[in-house]
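Notes follow once the structure below has been shown.
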Amino acid sequence: MSHTAHIPSHRKPRRSASKTALRAGVAGGVLSTIAVAGAAGPAQAEPVAQTIEMPTITAGLSTSVAASAQATQAVALDLETQATEDAAAATAAKTAKKAKAEAVRKAEARKKAEAAAEAKAQEAAERASRSAERTTLSASTGSSDSASSSSSSSSSSSSATGSAASVVAFVQSQVGDAYVSGGTGPNSWDCSGLVQAAFRTVGVDLPRVSQSQSTAGTQVSLDNLQPGDILYWGGAGSAYHVGIYVGGGQFVGAQNSSTGVVQKSLDYDPPSGAVRVL
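Heads up, my numbering is the position in the sequence shown plus 29, with the first residue counted as 1.
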């Protein structure tokens, strides 16, 4: 081959300047985009390695409603329990009050029954004692009883005067009042309480009990009685009953719970003796 022969070149033909500039611009834009993306990368959140299940609003609301309902139910239960306890307490108080009233009523009834039984026993004892006294007097005096009775009737015909009249008027005004053991008036009496109150109207202060009243004045015989004399049953100083002679062969006395204060003839219950205070 001739050294002047044309040898084909193996180099690629150069590209034109316009294509080169275009390619440089595209490459620069790509690089810029990559640079911007790289710079923005750290500001983004790290990729999630796993999925986290977040609570839903519906589940939270159900829990809240359930808790509220439970609390309301608890309050309602407490109120119901309190109401039941209050009702039970009220019922117990009412029952206790009723039981107390019944107990008081029974106690009062028992007390009245005991008082009635005591009065009856006292009346029976008084009657028995009077019967015994009458038997003794009958045996000791014999026929003098009739003489005493006639003398008493004659002496009783005299009318009371002065303080004696006041005593007689007082006891006669109490006829019909009740007999109560230990009674001192104004509407219920026992025998010595009536006698003491009668003499107090004229300024005479007698002892309270019949035993002492039977020795409070001068002893007088039953055939020489005057209105205002104190009659007694039993022995002087140990009398168990007293009354006031009012004249006309009669006396006034608080006898017992059955009769109360009565005016009776001496024959109804002849006394054992008499004392004169006025």
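Backbone N, C-alpha and C define an ideal beta-carbon position, used for all residues, glycine too.
Bear in mind that the values here come from a model prediction, so they are computed numbers and not experimental data.
Using a Cβ distance threshold of 8 Å, leucine 235 and alanine 303 do not count as a contacting pair. Membership of arginine 237 in any beta strand (DSSP E) is not indicated, and neither H nor E is assigned to it by DSSP.
Annotation: the continuous alpha helix (DSSP H) that includes glycine 222 extends over 220-229. Three or more Cβ pairs closer than 8 Å define a contact, and the stretch 260-277 meets that threshold against the stretch 221-240. Our two residues, serine 188 and valine 133, have alpha carbons roughly 52 Å apart in a direct line.
Nearest in C-alpha terms to alanine 145, of all of Asn285, Leu307, Leu295, is Asn285.
Of the candidates Asp252, Thr288, Ser243, the residue whose Cα lies closest to the Cα of valine 306 is Ser243. Within the model, the alpha-carbon separation for threonine 288 versus threonine 113 is close to 58 Å. Straight through space, the alpha carbons of alanine 265 and valine 200 are spaced by roughly 22 Å.
Secondary structure note for glutamine 201: its alpha helix (DSSP H) is the uninterrupted segment 191-202. Exclusion of the five residues before and after glutamine 248 leaves Val304 as the residues of its chain whose Cβ lies within less than 6 Å of its Cβ. The beta carbon of serine 195 lies closer than 7 Å to those of Thr230, Val231 in the same chain, with the five residues before and after it left out. In this structure, the straight-line span from the alpha carbon of glutamine 111 to that of threonine 213 is close to 57 Å. For glutamine 255, no beta strand (DSSP E) run applies, since DSSP gives it neither H nor E. DSSP places tyrosine 269 in the coil class of the three-state scheme, outside both helix and strand. In the three-state reduction of the DSSP assignment, threonine 101 falls in the helix class. At a Cβ-Cβ threshold of 8 Å, glycine 257 and alanine 193 count as neighbours.
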